[in-house]
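To start, the structure under review is shown below, and the notes come after it.
Numbering (our numbering), first residue to last: 26 to 174.
Shown next as structure tokens:
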């Protein structure tokens, strides 16, 4: 892989771009890391390379990536089994809803089967960084093994 994607979102429009890149990403519950003392949430994921797919490549490629939110005041989950770390979730998209006191608000990560994470943030600071190609065989789109190396 020559070009590694690195995107930063500081507003809802920026976050919509990141959301498009992480659509259909696979996330293992164990790879959702909430660091409350640091006001940070980090999610390891296996995402589709949408740029490569849109350029007509015949075989979809998956990339290992990290999604990070900073300045997170609270993290709440719905229908995500934190006691089952091997559960694989499919990320549908990310939304930002402004709060009563800008620039604060909530980032909502929506997963298949009704799963969701709501992050209450001081302000929106999100970063998506590609870590490399998935060369360990975890890219089987029809249900590959867990994402953790």
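All C-beta atoms in this analysis are idealised placements derived from N, C-alpha and C, irrespective of residue type, glycine included.
Going by alpha carbons, who is nearest to residue i out of the options?
i: residue 66; options: 95, 104 and 131; result: 95
i: residue 123; options: 148, 109 and 111; result: 148
i: residue 157; options: 138, 130 and 69; result: 69
i: residue 141; options: 52, 75, 84 and 30; result: 52
When we look at the beta-carbon of residue i and count the other beta-carbons within 10 Å, is it buried (16 or more) or exposed?
i: residue 60; result: exposed
i: residue 164; result: With a pLDDT of 47 at residue 164, under the threshold of 50, the predicted position of this residue should be treated as unreliable, though the coordinate-derived value follows. By the 10 Å Cβ count, residue 164 comes out buried.
i: residue 58; result: exposed
Taking just the CA atoms, how far does residue j sit from residue i?
i: residue 72; j: residue 32; result: 14 Å
i: residue 47; j: residue 119; result: 9 Å
i: residue 64; j: residue 30; result: 24 Å
i: residue 169; j: residue 85; result: In this prediction, residue 169 scores a pLDDT of 45, lower than 50, which makes its location untrustworthy; the coordinate-derived value is nonetheless stated afterwards. Rounded to whole angstroms, residue 169 to residue 85 spans 14 Å at the Cα level.
On the DSSP bridge list, what partners appear for residue i?
i: residue 124; result: Looking at the DSSP assignment, residue 124 forms no beta bridge with any residue, so it has no partner.
i: residue 59; result: 66
i: residue 131; result: 122 and 145
In the DSSP assignment, the beta strand (DSSP E) including residue i goes from what residue to what residue?
i: residue 97; result: 97 to 103
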